[in-house]
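Worksheet for the structure shown next.
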Amino acid sequence: MEEVWHPSERWSEAERRAWQDARLREVAAAAAPHAPALRERLAAAGLDPQALGLDALTRLPVLSKDTLPAAQRASPPFAGWLGVPLARLARAYRSPGPIYDPEGLEPDYWRFAPALFAAGFRAGDVALNTLSYHLTPAGHMFDDALRAIGCPVVPSGPGNTDAQVQILGELGVSGFVGTPSFLVTLLDAARSAGVRHGLRRAFVIAEMLPESLRRRLEADFGITATQGYGTADLGSVAYECGVRAGMHLARETILEVLDPHTGQPVAPGQPGEAVVTALNPVYPLLRFGTGDLVTMAEGACPCGRTAPRIARVVGRIGEAVKVRGLFVHPAEVARIVAQFPEVARAQVVVRRPGEVDEMTVRVELRPGAAAPEAPALREALATGLRLRCDVELLAAGTLGDDAKRIVDERRWD
Ligand SMILES: [Zn+2]
């Protein structure tokens, strides 16, 4: 069993549900007097803030993230969702979209301390925070969490690699917070500059962390990389533990994984949109459709944390296609073919010659590489995507760098 930041991380399912159910009413009741959008949404569904519970939640429509910029323009700055007076904020941000994001006064408002603790950050560890402190909340999100744990923070922000390499060597930095790509840039730069440093752990966010990269960080640099999932609207949604096989939901996250077309929960293991209700009285977004496609992990986690786990954030909804009723995301296909070192890239072609969708994955080989066993590749794709498909092996250079990752040749007239 791993050490945890808070005992609630080991609650039983019944304890978590009871806490979330009661907390949902508290949040709605506290925020309703200040948040007209919350009041209107509840009233339209015939719900009283005092009567809101987990079971009643699904009577509310999903609030799509895509609609938030326009809603905020129509009713600035927070589209009627701010649950406290504006004067009671610590900070306010403007993220790309553009979307305004509020930050309340609570210590560790974004609730990332449990995530960083699970990633191995402990009091006294000097942390380099390379996320932006400028206009978007990412920098302060982790700054606040690191200070809640007791880690001195170097607020370096992104870029300025040479200076950051020097800081690594001279300030005793042992922890990194930022994107996986900047972590690699920094480590490569430190190595070529011959700088010795004590960086051992990293919490990465905002980009996919491929398993191949995680292994490379471990093998080449001795760095343990742990990832989390959150947004500027919601703060921490889920985070990995020391087992690193899925991200446990944060206590304040009520997650539904829904088919974006039907609005119904997907079957276990299938990708669906992450729809999150944040138990946050400052910004009580109810059934917030993130636009991210996720899959859930099955089974208990040996770390001792009991919250359900997001297996993977597969990608954005707009980039995926539905084949025989199931989502196929180009990033998921790329992740699967990356297990075969002979493969350079893949392209998915979807056709519908009759009444049934057919999918072919065109796989381009690296120059000089021998073809992998087509049945093994087909099997890996079928298992990973839960869909049968054909595999077409192509010589190096056939598709090229600019090839579309999904070609949908179906016509729906
Ligand atoms: Zn775990």
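The letter at position 208 of the sequence shown is residue 207 when you use numbering that gives the first Met the number 0, and the numbering goes up by one with no holes. Cβ atoms here follow ideal geometry from the backbone N, Cα and C, with glycine treated the same way.
Open item on the list: Going by DSSP in three states, residue 207 sits in which element: helix, strand or coil?
Closed with: coil
Open item on the list: Please report the distance separating the alpha-carbon of residue 152 from that of residue 174.
Closed with: 9 Å
- [ ] Identify whether residue 120 lies in helix, strand or coil by the three-state DSSP scheme.
- [x] coil
Open item on the list: Three Cβ pairs or more, each shorter than 8 Å: is that satisfied between the segment 388–397 and the segment 273–291?
Closed with: no
Open item on the list: Strictly closer than 6 Å from CB to any heavy atom of ligand 1: give me those residues in the order they appear in the chain.
Closed with: 240, 242, 247, 300, 302 and 304
Task: residue 403 - DSSP class collapsed to helix/strand/coil - done: coil
- [ ] Use the C-beta contact count for residue 129: other C-beta atoms within 10 angstroms, 16 or more gives buried, fewer gives exposed.
- [x] buried
Task: Neighbour-count burial assignment, residue 307, 16 or more Cβ in a 10 Å radius - done: buried
Open item on the list: One question on the structure: do residue 380 and residue 289 come within less than 9 Å of each other, judged by their Cβ atoms?
Closed with: no
Task: beta strand (DSSP E) segment containing residue 86, residue limits - done: Segment: none, residue 86 is in no beta strand (DSSP E) and carries neither H nor E.
Task: Rounded C-alpha distance that separates residue 364 from residue 333 - done: 13 Å
Open item on the list: So, at 7 Å on beta carbons, what are the nonlocal neighbours of residue 196 in its own chain, with the 5 sequence-adjacent residues on each side left out?
Closed with: 167, 168, 172 and 189
Open item on the list: Can you tell me which residues form a DSSP beta bridge with residue 235?
Closed with: 229
- [ ] Report whether the distance from the Cβ of residue 51 to the nearest heavy atom of ligand 2 is below 8 Å.
- [x] The ligand content of the structure shown is limited to ligand 1, which means ligand 2 is not among them.
- [ ] With a floor of 3 residues, list each beta strand (DSSP E) that falls wholly inside the segment 88–175, ordered by position along the chain.
- [x] 88–94, 98–103 and 125–128
Open item on the list: Could you compute how far the alpha carbon of residue 87 sits from the alpha carbon of residue 30?
Closed with: 13 Å
Open item on the list: So for residue 19, helix, strand or coil by DSSP?
Closed with: helix
TODO: Use the C-beta contact count for residue 408: other C-beta atoms within 10 angstroms, 16 or more gives buried, fewer gives exposed.
DONE: exposed
TODO: Determine which residues share a DSSP beta bridge with residue 223 and list them.
DONE: 200
Task: Reduced DSSP secondary structure (H/G/I, E/B, other) of residue 359 - done: strand
Task: Whether residue 266 touches residue 309 by CB criterion (9 Å) - done: no
Open item on the list: With a threshold of 9 Å between beta carbons, is residue 347 in contact with chain C?
Closed with: In the displayed structure, chain C is absent; only one protein chain is listed.
- [ ] Under 8 Å by Cβ, that's how I've got residue 207 and residue 228 pegged, so tell me the actual separation to the nearest angstrom.
- [x] That pair is no contact at about 11 Å.
Open item on the list: Between which residues of its own chain and residue 371 is the CB-CB distance below 6 Å, once the five residues before and five after are set aside?
Closed with: 339 and 341
TODO: Given a cut-off of 9 Å, decide if residue 235 and residue 101 are closer than it, judged by their beta-carbon atoms.
DONE: no
Open item on the list: Whether or not the segment 314–325 and the segment 17–34 are in contact is what I'm after, with contact meaning three or more pairs of Cβ atoms, one per stretch, closer than 8 Å; do they touch?
Closed with: no
Task: Through-space distance from residue 250 to residue 79, alpha-carbon basis - done: 25 Å
Task: Neighbour-count burial assignment, residue 163, 16 or more Cβ in a 10 Å radius - done: buried
TODO: Identify every residue that forms a DSSP beta bridge with residue 45.
DONE: BP columns for residue 45 are empty, so no partner.
Task: Other residues of its chain near residue 316: CB distance less than 7 Å, five sequence neighbours each side excluded - done: 259, 272, 290 and 292
Task: Coil, strand or helix - residue 368 by DSSP - done: coil
- [ ] Mind checking who residue 272 pairs with in its DSSP beta bridge?
- [x] 257 and 292
TODO: Rank 391, 134, 248 and 126 by C-alpha distance to the C-alpha of residue 202 and give the top, closest one.
DONE: 126
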